[in-house]
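Read top to bottom, the protein sequences are chains A and B.
According to our numbering, the residues represented by the first sequence are 1 to 355, in order.
According to our numbering, the residues represented by the second sequence are 356 to 602, in order.
No residue lacks a Cβ here, since even glycine has one placed at the ideal position from N, Cα and C.
One structure below.
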Amino acid sequence: MKKKYLCTGNEACGEGAMRAGCRFYAGYPITPQNELTAYMSVRMDEVGGTFIQAESEVSAINMVFGASVAGARAMTSSSSPGISLKQEGISYIAACELPVVIVNVMRGGPGLGNIMASQADYFQATKGGGHGDYHLIVLAPASVQEMFDFTYEAFALADKYRNPVMILADGTLGQMMEPLEFEENIPFSKGVSKPWALTGAKGRSAQHVKSLILGGKDETLEEHNLHLQEKYRKIIENEVRIETENVGGAEIILVAYGAMSRIGYSCVEAMREKGKKVGMMIPKTLWPFPYDEIRGIAEKNKHVKFLVVEMSSGQMVEDVRLAVQDDKRVFFYGRMGGGIPTEDAIAREILKIAK
Amino acid sequence: MKKIVTRPDSMKDADMHYCAGCGHGIIHRLVCEVIDELKIKETTVAVAPVGCAVLAYDYWGFDTTEAAHGRTPSVATGIKRVLPDRLVFTYQGDGDLAAIGTAEIIHAGNRGENISVIFVNNGVYGMTGGQMAPTTLLGQSTMTTPGHRKASRDGFPIKITEMMAVLPGVVYLERTTVTSPKEVMKTKKAIRKIFDIQLAKKGFSMVEVLSPCPTYWGMSPIESMKRIENEVIKEYPLGIIKDTAAM
């Protein structure tokens, strides 16, 4: 039976993790994701899981490394400055191919910035963040329901590919309350066996999980990198997600993700009521990015223009340009430091481009 | 012919990368001997550090992972909380434990994590070419203390084991060395002690082992052992520093 709740995005994210079978959480206080940490402290006690308030984000991500290496479903969360601190650990987790879920409830930056909603960590999340050639799977929820759904699924994706998954949310998604619905008896999200986990060498030879690869008799570091890239290609092939609305026959397509797509969608609906031919594309995976889907629309309709709207100086717009491959048809509107593009402001931009 | 000495069962048959006269080989072997004695090879998960001992898993025949520099106790925390019935220990050098990982070791101790820590103090960064460590003695010459370590420029040698003693979650601390067969046996006994403490679920414990680095001390292996006996133990006295484990 489905049950309905009213809760914040942060809490929905936490419950999504619990329902997925996450039994280890380590975090550190930072606004605007504190409700998530607090929620996990209560829920982990209820189910006999582990909650640790770590001494730093650096330590928290490494605790999650340890829990994952031991075979558990593990999560950490933070907001922008704290996610910067976690980057070292994220690089090691990616190198060791550990399934871990990391939540970033983004706030304004750079530096300590402010605690308002922002999307300025897109580059950090999708282009690396830490050192070395690696990718996270980056999911971009746009509602409280998706905070639950995407987190629930993130654990299955992480296990399937032995790869860290990031939930890239923002302050509004974390803090706002909306209805949330899910099956009361929902089973844990799909898992896989983990023969690589370090649980003690009982009935098998000893094994090691490490990221120092000096070559010699075993795999070289370049071979390990090629293996990672092969895995990333599979993820690109199988896991791209994007929602499209009224793109056929559109003159302008708005591209936005996360909370920004909600405002953008309201704007697009209002303009369509007035007879404007405006469509919408909402990437749900930011890595892998839906290049082919956007390029397909751009090639089919040689006159359609794209307006990318972000709470940043323009980060995802670079990927949209790569997809469209015609910079004259790609426009950008954004605000920074906690500023949020309003419906009216987006409408003005659309009218400007339509001229 | 009767075999009276053999390689421990949990030690791999591999050539070590350690320099001649290095203490890591002795300490690695002691860890393996204790694991054999306790018959816990199949239920042990170790965490190697960044530093000279990063390749410990090439020599240990039990499950081992490798942490980012200094994050060793945090990784061990994650493993132990998930697998409370396994023996989980970290093996860390002075740079890993007493410099970049200071926060992690203090807070793992303060949480009373039921893990064991083997802290190898040789007063120098061996892996990177012999720079000053937090534990380098005043007056000691290193790659980054040309001439010698001066307090006015470089600060003082840190006594992290004594610092840990004030934490209620830390139940056992001992400092040993490997300069003679007698001291080696004491070190083995101390490692056995901290593993016993963990198996009895008594909390956090650590052994600091004063170890030689002939290569970056610029002396012979024998001179290095003498230096520990004559100089190093004056700064870092041997013995049990704390014991509230009631074992």
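- Taking 8 Å as the cut-off, the beta carbon of LEU36/A is found closer than this to the beta carbon of SER77/A.
- Within its own chain, the residues whose Cβ lies closer than 8 Å to the Cβ of THR244/A, once the five positions on either side in sequence are excluded, are GLY279, MET280, MET281, ILE282, GLU293, ILE297, listed in chain order.
- Counted as a single uninterrupted DSSP element, the beta strand (DSSP E) harbouring GLY594/B occupies residues 594-598.
- Under the 8 Å Cβ criterion, the stretch 473-493 of chain B counts as touching the stretch 446-461 of chain B, having at least three qualifying pairs.
- Of LEU168/A, LYS194/A, PRO99/A, VAL105/A, the smallest CA-CA separation from PHE155/A is found for PRO99/A.
- Its chain contains ARG43 as the residues whose beta carbon lies nearer than 6 Å to that of MET18/A, once the 5 sequence neighbours on both sides are disregarded; these appear in chain order.
- Pairing MET40/A with VAL409/B, the inter-Cα distance amounts to about 34 Å.
- Close partners of SER56/A in chain B (Cβ separation under 7 Å): ALA458.
- Interface annotation, ALA423/B: in contact with chain A, CB-CB separation under 8 Å.
- One finds nothing in chain B with a Cβ atom closer than 9 Å to the Cβ of LEU254/A; even the nearest lies about 41 Å away.
- Across the set PHE559/B, MET580/B, CYS407/B, the C-alpha of PHE559/B shows the shortest separation from the C-alpha of ALA600/B.
- By the Cβ neighbour-count rule, PRO290/A is buried, with 16 or more other Cβ atoms within 10 Å of its own.
- Looking at ASP509/B, GLU459/B, LEU393/B, ASP413/B, the one whose alpha-carbon comes closest to that of MET63/A is GLU459/B.
- Interface criterion not met: the Cβ of TYR152/A is under 8 Å from no Cβ in chain B.
- For the pair GLY275/A and ILE102/A, the Cα-to-Cα distance works out to about 42 Å.
- One thing to note: GLY416/B has its Cβ no nearer than 8 Å to the Cβ of PRO567/B.
- Here the C-alpha atom of GLU590/B lies approximately 25 Å from the C-alpha atom of ARG547/B.
- Fewer than three pairs of CB atoms, one per stretch, sit closer than 8 Å, so the stretch 122-137 of chain A makes no contact with the stretch 194-210 of chain A.
- Taking a C-beta distance under 8 Å as the contact criterion, TYR161/A and SER189/A do not qualify as a contact pair.
- With 16 or more other Cβ atoms from the protein chains shown falling within 10 Å of its own Cβ, ARG23/A counts as buried.
- Look at ASP364/B: its C-beta is not under 8 Å from any C-beta on chain A.
- For ALA197/A against ALA70/A, the beta-carbon gap comes to about 6 Å, under 8 Å, which counts as contact.
- In this structure, ARG530/B keeps its C-beta atom at 8 Å or more from the C-beta atom of ILE470/B.
- In the DSSP assignment, LEU180/A is bridged to TYR5/A.
- In the displayed model, SER84/A falls within a helix according to three-state DSSP.
- The Cβ of ASP418/B sits closer than 8 Å to at least one Cβ of chain A.
- Looking at the DSSP output, ASP170/A shares a beta bridge with MET106/A.
- Taking every protein chain shown into account, the CB of LEU157/A has 16 or more other CB atoms within 10 angstroms, so this residue is buried.
- Interface flag for SER429/B against chain A is set, since a Cβ pair is found closer than 8 Å.
- Residue-level contact by beta carbon holds for ILE434/B and chain A, with a gap shorter than 8 Å.
- When CB distances to chain A are screened at a threshold of 7 Å, the residues of the stretch 383-409 of chain B falling below it are LYS396, GLU397, THR398, THR399, VAL400, VAL409, in chain order.
- Interface annotation for the stretch 199-233 of chain A against chain B: THR199, GLY200, ALA201, LYS202, ALA206, GLN207, HIS208, VAL209, LYS210, SER211, LEU212, criterion Cβ-Cβ distance under 7 Å.
- Scanning its chain for C-beta atoms nearer than 8 Å, with the 5 sequence neighbours on each side dropped, one finds around HIS424/B the residues PRO404, VAL405, GLY406, GLY450, ASP451, ILE455, GLY456, in chain order.
- Contact annotation for LEU438/B against chain A: ALA70, THR199 [CB-CB distance below 7 Å, chain order].
- One Cα belongs to GLY376/B, the other to GLU578/B, and the distance between them is close to 10 Å.
- Residues of the stretch 169-200 of chain A with a C-beta atom less than 8 Å from some C-beta of chain B are LEU198, THR199, GLY200, listed in chain order.
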